[in-house]
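Heads up: the structure comes next, in structure tokens.
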Amino acid sequence: MRIHIKNGRFIDPRNDIDSIQDIFIAKGKVVGIGEVPVEFQASRIIDAQSLIVCPGLVDLSVRLREPGLEYKATLESEMNAAVAGGVTSIACPPDTDPPLDEPGLVEMLKHRAKNLNQAHVYPIGALTQGLKGERLTEMAELNDAGCVVFGQPDGLLPNLRVLMQAMRYASTFNFSVWLRPQEISLTGDGVAHDGEVATRLGLLTIPVCAETIAISNIILLTKETGVKVHLCRISSAEGLTMIRAAKQQGLPITCDVTINHLHLSDMDIGFFDSNCHLMPPLRGFEDRDALRQGLLNGTIDAICSDHAPVDEDAKLLPFGQSDIGATGVELLLPLTLKWGTEMHLSLPKMLAKITSEPARILGIDAGHLSVGSAADICIFDPDHYWKVTSSAILSQGKNTPFMGMELPGGIKYTLVNGHIVYEH
Amino acid sequence: MINRNPQLDENGALQHLLTTEGLPVSILLHILDTAESFVGVTERDVKKIPLLRGKSIFNLFFESSTRTRTTFEIAAKRLSADVINLNIAVSAQSKGETLLDTVDNLSAMNADMFVVRHAQSGAAHLIAKHVRSDIHVINAGDGSHAHPTQALLDMFTIRRYKHDFRNLRVAIIGDILHSRVARSQIHALTTLGVPEVRVIAPKTLLPKMVERLGVHVYHDMAKGLKDVDVLMMLRLQNERMKGANLPSAEEYFKYYGLTAEKLSLARRDAIVMHPGPMNRGVEIDSAVADGKQSVILPQVTFGIAVRMAVMSILTGNQV
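Protein sequence lines, in the order shown, are assigned to chains G and A.
Position 38 (the first sequence) corresponds to 37 in numbering that gives the first Met the number 0; numbering is contiguous.
Position 113 (the second sequence) corresponds to 112 in numbering that gives the first Met the number 0; numbering is contiguous.
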């Protein structure tokens, strides 16, 4: 299919382009920007008048719930949701059942995802077998099967000796290690930030030092092993200060923040709203404001949706018993635009946080558009506000703290490898 | 997003009693005043009035409790309501039924009111949000969050003995961190205008931001009890030793247990309260628990009148 996207405002953050230019696509690739290639005959013309045309979004944390957790969501439902959110590349955490610790499982997931012909799926390989934190996985084999990076999911950081060895082994092959910093022994059964809200509501708490102690350990182990480290889902101002210092020392560390932590604080728990049962927990106002600033000044490299579809019934429980997580992949763009607008940022700068920057962290050739690159494209209306409702969301997970809110950014078209995979 | 106080209806009247936090002083006083009128009933030979005749009250206890459940049962029966006790800790939920399924099933049996006890903070709020608008929910204790009827009976007791809240120094002593009673007491005391509420406990038994609740924090009984008018003791559970909150019951008693000697630091006419059940020799010495300044048994008696008041106000059937 040969597609001509005309009259759109083309933004490519990596190449610092922001201008009205037509895009020409053939055989899955971009074949022209601004200039029509010789003998180009469009089979489809998309009029992008007053719309933004940008690289397809890259989301660093999307749980597809396969294999094993299909009652929460299926690959089909969540892949549909991803492209409805303009997301064309997704990294999925290894906390499936069984976990992504064997090449066969990874190949199966890649194969299933490929057959759906939608977003590109990049499984995060398990760092340790069964995610148990005892034995290393076959990282090189997993890499051959399609894992680009390796990590441990929430609350399962191995002991420091195993972690050091895993980081050292990963660095042998130049793989990066993705960790969510959390010291398990300080987390316990905690469900909320150790602040005023948890004090009032009588909820078990997770202190900030559960995050900062883990960050400190990981920074020291990064120095020791030289491995590239990505810190997932930072929640605290203090943690951010430590990461800034480590980056200033030149350590190969990157980090991200979730759309939820960028906009919410523990106050949003209100009267036990289980949609706000997230991990790490929503922290105080000062933390949220530091995260918003940290993203602006580059201490935080990227925004992820931390998409975690949850079975509806599992949220209709007392706060502490409800499942952790919120749906989010369809809110990645709207909540990035909301943050960027509130911070008076230009569109290219805010879009970098969900295109070129996450692509760089994931180490994939995506998140930018030039002649010859794969035609993964997102076309959206920045001025279109839509209401978050369970019918407006395609993900099987209908729980989000943003339910009922009006958010900016309506996706009009999503293209993957030059195919229109979503149209609204 | 602005959430209306989930306990009040659109006219600001009490729809559910979930917590003492955020309740207007007028409602608190109305409950206490109504309870006064019921104290007489509980002292009569025929202790029954027909205010709630034909109403069905379900005691939903997801966590076992004999005392609280019994006092709610007595209160409901004295108002002539039909009382159904469900000890769910050992029935439906162990068969896998969810909390809200249980509630739906009982609602279908034409319940008028649920009295809920649950080990999880927020359980009563969840149920109140879920039920039909003609059903009332009373929180009989949710996790470490709230136990409003206990706090109200404590307020009733304080008013009986001290008459005016606005010139009192009140100390709450013990495991504040895990205590739903303490949280509800603090909100009720500050709302009713007590100028100085103190909490006394080791740092391991205090929530991190407890000052934000409007209390003064003490770690030393000698300082904290000075010039106090009301001492509200809390129960200390044995699990606290396992969770590394405390080294031993003995050390706790030595430093935070209420003895006659420590009590002498408070005002001479200070009253001693305890929500029960007591651990004698852990948080309170028998000589104090049974002593002249103790109002622990009157608290139990007033508890019935206060619960009658709450039930009658919720259903709009008042004297």
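No residue lacks a Cβ here, since even glycine has one placed at the ideal position from N, Cα and C.
For A/E260, count neighbouring Cβ atoms within 10 angstroms of its own Cβ and tell me buried if that reaches 16, exposed if not.
Counting the other Cβ atoms within 10 Å of the Cβ of A/E260 gives fewer than 16, which makes it exposed.
Per-residue burial, G/D21 [other beta carbons within 10 Å of its own, 16 or more giving buried]
Buried, by the Cβ-count rule.
Can you check whether the CB of A/I157 is closer than 8 Å to the CB of A/V209?
In this structure, A/I157 does not lie closer than 8 Å to A/V209 by Cβ.
Beta carbon of G/P180 nearer than 8 Å to that of G/E140
No.
Return the residues of the segment 316 to 333 of chain G that lie within a Cβ-Cβ distance of less than 7 Å from chain A, sorted by chain order.
Those residues of the segment 316 to 333 of chain G that come within reach of chain A (Cβ to Cβ, closer than 7 Å) are L316, P317, F318, G319 and Q320.
Among A/H15, A/E9 and A/L7, which one has its Cα closest to the Cα of A/R306?
Selection A/H15, A/E9 and A/L7 evaluated against A/R306 yields A/H15 as nearest (Cα-Cα).
Could you compute how far the alpha carbon of G/P308 sits from the alpha carbon of G/P98?
Spanning the two alpha carbons is a distance of roughly 17 Å.
Is G/Q247 buried or exposed, if buried means 16 or more other CB atoms sit within 10 Å of its CB?
Exposed, by the Cβ-count rule.
With a CB to CB cut of under 7 Å and the five nearest residues on each side skipped, what residues in its chain are close to G/A351?
Contacts found: P12.
Compute the beta-carbon to beta-carbon distance between A/Q184 and A/D153, rounded to the nearest angstrom, for a pair I have assumed lies under 8 Å.
6 Å between Cβ atoms; contact.
So if I threshold CB-CB distances at 8 Å, which residues from the segment 193 to 216 of chain A count as touching chain G?
Of all residues in the segment 193 to 216 of chain A, the ones placed with a Cβ closer than 8 Å to any Cβ belonging to chain G are P206, K207, M208, V209, R211 and L212, in chain order.
Answer yes if the segment 385 to 400 of chain G comes into contact with the segment 273 to 285 of chain G, meaning at least three C-beta pairs across the two stretches below 8 Å, and no otherwise.
When Cβ pairs closer than 8 Å are counted between the two stretches, the segment 273 to 285 of chain G is seen to touch the segment 385 to 400 of chain G, the count reaching three or more.
Please list the residues of the segment 60 to 74 of chain A that have a C-beta atom closer than 9 Å to any C-beta atom in chain G, keeping them in chain order.
Here the close residues number zero.
Consult DSSP for G/N116 and reduce its assignment to one of helix, strand or coil.
Reduced to three states, the DSSP call for G/N116 is coil.
Own chain partners of A/F37 with C-beta closer than 7 Å, once the 5 adjacent residues on each side are dropped:
Once the five neighbours on either side are set aside, the close Cβ partners of A/F37 are A304, M307 and A308.
Alpha carbon of A/T65 to alpha carbon of A/Q149, nearest angstrom
Here the alpha carbon of A/T65 sits roughly 14 Å from the alpha carbon of A/Q149.
Boundaries (first-last residue) of the alpha helix (DSSP H) holding A/S55
Unbroken run through A/S55 is the beta strand (DSSP E), S55 to F60; no alpha helix (DSSP H).
Taking the alpha-carbon positions, what's the G/T388 to G/M402 distance?
Using only the alpha carbons, I get a separation of about 6 Å.
CB-CB under 7 Å to G/L104, same chain, minus the five flanking residues each way: which ones, in chain order?
Spatial neighbours of G/L104 in its own chain (CB-CB distance under 7 Å, excluding positions within 5 residues in sequence) are listed in chain order as P66 and P97.
Residue interval of the alpha helix (DSSP H) (run including G/Y168)
For G/Y168, the uninterrupted alpha helix (DSSP H) run begins and ends at L159 to T171, by DSSP.
Are any of the Cβ atoms in chain B nearer than 8 Å to that of A/H124?
The question asks about chain B, but that chain is absent: this structure's protein chains are G and A.
Indicate whether at least one CB of chain G lies closer than 8 Å to the CB of A/R179.
Chain G, which has a Cβ nearer than 8 Å to the Cβ of A/R179, makes this yes.
Under a CB-based cut-off of 8 Å, is G/L202 close to chain A?
Yes, because at least one Cβ of chain A sits closer than 8 Å to the Cβ of G/L202.
Give the secondary structure of A/V299 by DSSP, where H, G and I count as helix, E and B as strand, and everything else as coil.
Under the three-state reduction of DSSP output, A/V299 falls in the helix class.
Beta-carbon proximity check, A/A145 vs A/V136, cutoff 8 Å:
Taking 8 Å as the Cβ cut-off, A/A145 and A/V136 do not qualify as a contacting pair.
Look at the Cβ atom of G/V328, then the Cβ atom of G/A90, and state whether they are nearer than 8 Å.
Not closer than 8 Å, so no.
What residues of chain A sit near G/G238, judged by a beta carbon separation below 9 Å?
Chain A residues near G/G238: none, gap ~17 Å exceeds 9 Å.
Give the single residue among G/M404, G/H383 and G/H367 whose Cα lies nearest to the Cα of G/F9.
G/H367 is the residue among G/M404, G/H383 and G/H367 whose C-alpha sits nearest the C-alpha of G/F9.
Strictly below 9 Å CB to CB, what residues from chain G border A/T97?
Those are D312, L315 and L316, listed as they occur along chain G.
Cβ-Cβ separation, G/G417 to G/F379 (assumed contact under 8 Å), whole Å:
About 18 Å; that fails the 8 Å criterion.
Quick one: what does DSSP say A/V214 is sitting in, helix, strand or coil?
In the three-state scheme derived from DSSP, where H, G and I count as helix and E and B as strand, A/V214 is classed as coil.
Find the residues of chain G that neighbour A/P5, judging by a C-beta separation of less than 8 Å, and give them in chain order.
Going along chain G in sequence order, the residues near A/P5 (Cβ under 8 Å) are F270.
Per DSSP, what are the beta-bridge partners of G/Y421 in this structure?
Bridge partners of G/Y421: G/T413.
Near G/I19, what residues of its chain come up, given a Cβ to Cβ distance below 8 Å and the 5 sequence neighbours on each side ignored?
The answer, listed in chain order, is N6, G7, R8 and F9.
Test item: CB-CB of G/T354 and G/L162 under 8 Å
Not closer than 8 Å, so no.
Taking DSSP as the reference, what is the three-state secondary structure of G/A365?
Of the three classes helix, strand and coil, the one that applies to G/A365 here is coil, per DSSP.
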